[in-house]
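What follows is a short report on a single structure.
The structure is reproduced here in C-alpha cells:
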C-alpha cells in the first residue's frame with residue numbers, strides 16, 4: 004500500500020509533464036476536434052463543415068489513405084529485406100556497407116527530401132536523364148513522376164531507414180540458435196527470413212509501420228512540393244483552407260478525418276502494447 | 002570543497018552581472034525596428050541586403066530586424082494572426098513596427114482595425130497615386146498603405162519552341178489544342194501565378210469582368226462562370242501541371258513545357274542571376290492578366306511609430322524606388338512612375354519594359370477580383386474544375 008505522501012510526491016513529479024501535455028497537446032486537440040462541428044455563420048453546431056469537406060475533398064481523402072497505406076506496405080517490404088540482409092547476409096563487406104549506407108535518409112528532413120525529389124523525378128530530371136543515357140527510356144516517352152507516385156517514392160525513401168533501424172535492432176537481439184539450426188537443416192535464407200525471423204519480430208515490424216504511417220499521414224511539405232495538379236493530400240487542403248479563406252471550420256473537419264485515420268493506427272498500436280503486457284514500445 | 006563551491010558561485014554571479022550590465026547598456030543605445038515581410042525570399046533579401054542597411058546608416062543607433070513569413074495569402078495570414086493575438090490580449094504596444102502584407106490580407110486587417118492611418122503624415126504620401134493605393138480587392142485602404150511595388154503576371158515562353166506566341170486567351174486555347182502538353186501552369190493551390198492564370202481566364206470568358214474587378218459584389222454577376230469553368234476543365238486535360246511559381250520556371254528551363262504563366266519580377270531576377278535560359282521571353286495575354294502590389298503598413302499600436310513612418314518614407318522615396326525596387330529587384334515602382342523615372346538612367350528603365358511595354362501594361366494589366374468574388378472564384382474552381 005502506498006503512503007499518501009508518496010502518492011503526493013509522485014503526482015508532484017508528474018505534474019509538469021501532465022500540464023505540458025494537457026496545455027500543448029490535449030487542449031488544442033480537443034478544441035480543434037470540437038470546432039470541426041462549429042458553424043461560424045449560424046453560431047450553432049452541425050455537420051456543415053464535414054459536408055463541405057467531403058464534397059470538395061473526398062477524392063483527396065481517398066488519395067491520402069491510398070498513398071499512406073501503399074507507402075506503409077512498401078516501407079514494410081523493403082525494411083524487412085534490408086534488415087533481413089543485415090541479419091542473415093553472408094558477405095561481411097556487403098553487410099557492413101549496407102549497414103553504413105541505409106540510415107542516411109534518416110538525417111534528411113522531409114522538406115529537403117521533397118526538394119531533392121522535385122528535380123530528381125521531373126520529366127527531364129536526373130532519373131529520366133540517367134535512364135535515357137542508358138537507353139532504357141527514349142526521350143519521347145519520358146514521364147514526370149511528380150504526382151502521387153513521387154510522394155510514394157519520397158515517403159518510402161525517407162521512412163525506410165527508420166523502419167529498417169527498428170526491425171534490424173529487433174532481429175539482432177533475437178536468439179540466433181533457431182536460425183543456425185534451420186540453416187543446419189538446409190533451409191534457404193529467404194525461407195529462414197519469412198518463416199523464422201519475421202514471425203519473431205512481428206511486433207517490432209508492426210510498431211515501426213504504425214509510426215511510419217502516422218508520420219507520413221501528417222507530412223505537409225512532401226505533397227505540397229511534389230504533387231503538381233489537382234488531386235493532392237489533405238494536409239495541403241487544410242493549409243489551403245486556412246491560408247486562402249481563413250476557414251478553420253473545414254480545415255478542422257479535414258483534421259478530424261486525418262485524426263480518425265491515425266486513430267485506427269493508434270488503436271492497433273495500443274492493442275499491441277497491451278498484448279505485450281501494457282508497455283507499448 | 003565547500004570553499005571551492007562558494008567561489009564558483011561568486012564567479013558565476015559576477016559574470017552574470019557583467020553580462021546583464023553590458024546587455025542592458027546595449028539595449029539602451031539601440032532601438033530595434035521590427036519588420037515582418039510577406040512574399041518570397043527576394044522580399045526579405047530586399048530589406049536585409051539593401052533597405053535595412055541604408056536606414057541604419059541614416060539613423061545611427063537603430064537596428065532593422067526583418068522576418069519573412071512566406072508568399073501568398075499564407076504569409077500575410079501569419080502576420081494578421083500575430084497582430085490579432087496581440088490585440089485580443091489588450092497589449093498596450095505591439096512588437097511589430099512595419100509589415101509588408103499582400104492585398105487580400107491588408108483589406109482584412111484594415112477592416113479589423115489592426116492598422117494605423119499614417120500615409121498623410123509622411124512626405125512621400127503624395128506619390129501614392131495608383132488605384133491599388135486606395136482599394137485592396139474592394140476594401141477601402143486609402144491612407145493606411147503605401148505600395149511597395151507593383152508586380153505583374155505574364156506568359157513566359159520559349160521562342161525556340163513557340164514561333165508565334167499566342168497574344169490572347171483565345172489564341173492560347175487554339176495553340177494548346179494543336180500542341181497538347183506544351184503549356185503548363187501551377188493550378189490553384191500552388192502559388193499565385195497559377196491563380197492569376199485562372200483569374201485571367203475568368204476575365205476573358207466568365208463575363209462581367211468590370212464588375213468582378215470594381216464591384217459592387219453581386220452573385221448574379223457570376224452567371225457566366227459555370228460555362229467558363231467547364232471550358233477550363235476541358236482545357237486542363239491538355240496542359241501540364243507544375244509544382245509552384247518556381248516550378249513553372251524550372252520546367253520551362255528544362256524544356257518540359259514551352260509556355261507558362263509567371264511573375265514578371267521573378268522572371269527578370271532569375272534571368273539576371275543566370276538561373277533561366279537567356280532566350281526565354283514574356284508576353285501578356287489579352288484581354289488581361291492580373292498583378293498585385295505589396296504594401297507597407299504600420300500596426301495600430303506599433304512600438305516605434307515615428308521610426309516606422311521614417312522607414313516607410315525612405316522606402317517610398319523616388320531614389321530608393323529607382324535604385325532598390327526597379328534596378329536591383331526588377332519590380333515595377335509602387336509610387337508614381339513619373340517621379341521614379343528621372344532618378345534612373347533610361348537604359349535601366351527600358352530594361353524593365355523589354356518584352357512587356359508600358360502600353361501592354363496599360364491595356365492588359367488587371368487587378369485581382371474583389372475579395373468576395375475572389376473567394377467564390379477559388380471555391381468554384383475547386384468544386385467544378387478540380388473535382
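Residue numbers (this note's numbering), protein chains in the order written: chain A, 4 to 284; chain B, 2 to 388.
Just so it is clear, CB atoms sit at the ideal spot from N, CA and C, and this is done for glycine as well.
All figures in this text were calculated on a predicted structure; none of them were measured in a lab.
Establish whether the CB of residue i and some CB of chain B are separated by less than 7 Å.
{"i": "residue 232 (chain A)", "result": "yes"}
{"i": "residue 243 (chain A)", "result": "yes"}
{"i": "residue 149 (chain A)", "result": "yes"}
{"i": "residue 127 (chain A)", "result": "yes"}
{"i": "residue 273 (chain A)", "result": "no"}
{"i": "residue 171 (chain A)", "result": "no"}
{"i": "residue 247 (chain A)", "result": "yes"}
{"i": "residue 59 (chain A)", "result": "yes"}
{"i": "residue 283 (chain A)", "result": "Because residue 283 (chain A) carries a pLDDT of 49, less than 50, the predicted location of this residue cannot be relied on, and the following value inherits that uncertainty. So, not an interface residue."}
Give the DSSP-derived three-state secondary structure of residue i in the structure shown.
{"i": "residue 136 (chain B)", "result": "strand"}
{"i": "residue 270 (chain A)", "result": "helix"}
{"i": "residue 66 (chain B)", "result": "strand"}
{"i": "residue 375 (chain B)", "result": "helix"}
{"i": "residue 239 (chain B)", "result": "coil"}
{"i": "residue 149 (chain A)", "result": "coil"}
{"i": "residue 41 (chain A)", "result": "strand"}
{"i": "residue 187 (chain B)", "result": "coil"}
{"i": "residue 315 (chain B)", "result": "helix"}
{"i": "residue 294 (chain B)", "result": "strand"}
{"i": "residue 264 (chain A)", "result": "helix"}
{"i": "residue 23 (chain B)", "result": "Legend: pLDDT at residue 23 (chain B) = 47, less than 50; position of this residue unreliable, no value from coordinates given."}
Buried or exposed for residue i, please, with buried defined as at least 16 other CB atoms from any protein chain shown within 10 angstroms of its CB.
{"i": "residue 191 (chain B)", "result": "buried"}
{"i": "residue 264 (chain B)", "result": "buried"}
{"i": "residue 384 (chain B)", "result": "exposed"}
{"i": "residue 246 (chain B)", "result": "buried"}
{"i": "residue 34 (chain A)", "result": "exposed"}
{"i": "residue 31 (chain A)", "result": "exposed"}
{"i": "residue 26 (chain B)", "result": "In this prediction, residue 26 (chain B) scores a pLDDT of 44, lower than 50, which makes its location untrustworthy; the coordinate-derived value is nonetheless stated afterwards. Exposed, by the Cβ-count rule."}
{"i": "residue 52 (chain A)", "result": "buried"}
{"i": "residue 269 (chain B)", "result": "buried"}
{"i": "residue 23 (chain B)", "result": "For residue 23 (chain B), the predicted structure reports a pLDDT of 47, less than 50, and the residue's modelled location is therefore unreliable. A value from the coordinates is still provided. By the neighbour-count rule (16 or more Cβ atoms within 10 Å), residue 23 (chain B) is not buried but exposed."}
{"i": "residue 156 (chain A)", "result": "buried"}
{"i": "residue 50 (chain A)", "result": "exposed"}
{"i": "residue 89 (chain B)", "result": "exposed"}
{"i": "residue 20 (chain A)", "result": "exposed"}
Under 7 Å between C-beta atoms, does residue i make it to chain A?
{"i": "residue 29 (chain B)", "result": "Annotation note: pLDDT 47 at residue 29 (chain B) (below 50); position unreliable, coordinate value reported separately. Taking Cβ atoms only, chain A never reaches closer than 7 Å to residue 29 (chain B), which makes this a no."}
{"i": "residue 280 (chain B)", "result": "no"}
{"i": "residue 112 (chain B)", "result": "no"}
{"i": "residue 1 (chain B)", "result": "Here chain B covers residues 2 to 388 and nothing more, so residue 1 (chain B) does not appear."}
{"i": "residue 190 (chain B)", "result": "yes"}
{"i": "residue 242 (chain B)", "result": "yes"}
{"i": "residue 274 (chain B)", "result": "no"}
{"i": "residue 78 (chain B)", "result": "yes"}
{"i": "residue 257 (chain B)", "result": "yes"}
{"i": "residue 361 (chain B)", "result": "no"}
{"i": "residue 137 (chain B)", "result": "no"}
{"i": "residue 90 (chain B)", "result": "no"}
{"i": "residue 372 (chain B)", "result": "no"}
{"i": "residue 383 (chain B)", "result": "yes"}
{"i": "residue 75 (chain B)", "result": "yes"}
If I'm right that residue i touches residue j with Cβ under 8 Å, what's the distance once you round it to whole angstroms?
{"i": "residue 142 (chain B)", "j": "residue 136 (chain B)", "result": "7 Å"}
{"i": "residue 104 (chain B)", "j": "residue 369 (chain B)", "result": "7 Å"}
{"i": "residue 1 (chain A)", "j": "residue 165 (chain A)", "result": "The displayed coordinates of chain A run from 4 to 284. Any statement about residue 1 (chain A) would go beyond what the structure contains."}
{"i": "residue 79 (chain B)", "j": "residue 70 (chain B)", "result": "4 Å"}
{"i": "residue 126 (chain A)", "j": "residue 145 (chain A)", "result": "6 Å"}
{"i": "residue 192 (chain A)", "j": "residue 66 (chain A)", "result": "So it is not a contact: roughly 37 Å between Cβ atoms."}
{"i": "residue 227 (chain A)", "j": "residue 239 (chain A)", "result": "5 Å"}
Using C-beta distances below 8 Å, list every residue in its chain close to residue i, excluding the 5 sequence neighbours before and after it, in chain order.
{"i": "residue 34 (chain B)", "result": "56, 63, 64, 65, 66, 98, 99, 305, 308, 309 and 312"}
{"i": "residue 245 (chain A)", "result": "251 and 254"}
{"i": "residue 168 (chain B)", "result": "284, 286 and 287"}
In chain order, what residues of the same chain lie with their CB nearer than 6 Å to the CB of residue i, ignoring the 5 residues before and after it?
{"i": "residue 162 (chain B)", "result": "259"}
{"i": "residue 132 (chain A)", "result": "none"}
{"i": "residue 366 (chain B)", "result": "153 and 292"}
{"i": "residue 139 (chain B)", "result": "216, 371 and 372"}
{"i": "residue 85 (chain A)", "result": "105 and 167"}
Going by beta carbon distance, what residues of the same chain come within less than 7 Å of residue i, once the five residues before and after it are set aside?
{"i": "residue 118 (chain B)", "result": "144 and 145"}
{"i": "residue 64 (chain A)", "result": "237 and 260"}
{"i": "residue 68 (chain A)", "result": "264"}
{"i": "residue 201 (chain B)", "result": "170, 286, 289, 290 and 291"}
Shorter than 6 Å, the distance from the beta carbon of residue i to the closest heavy atom of the ligand MN, or not?
{"i": "residue 153 (chain A)", "result": "In terms of ligand content, the structure shown is empty, and the ligand MN therefore cannot be addressed."}
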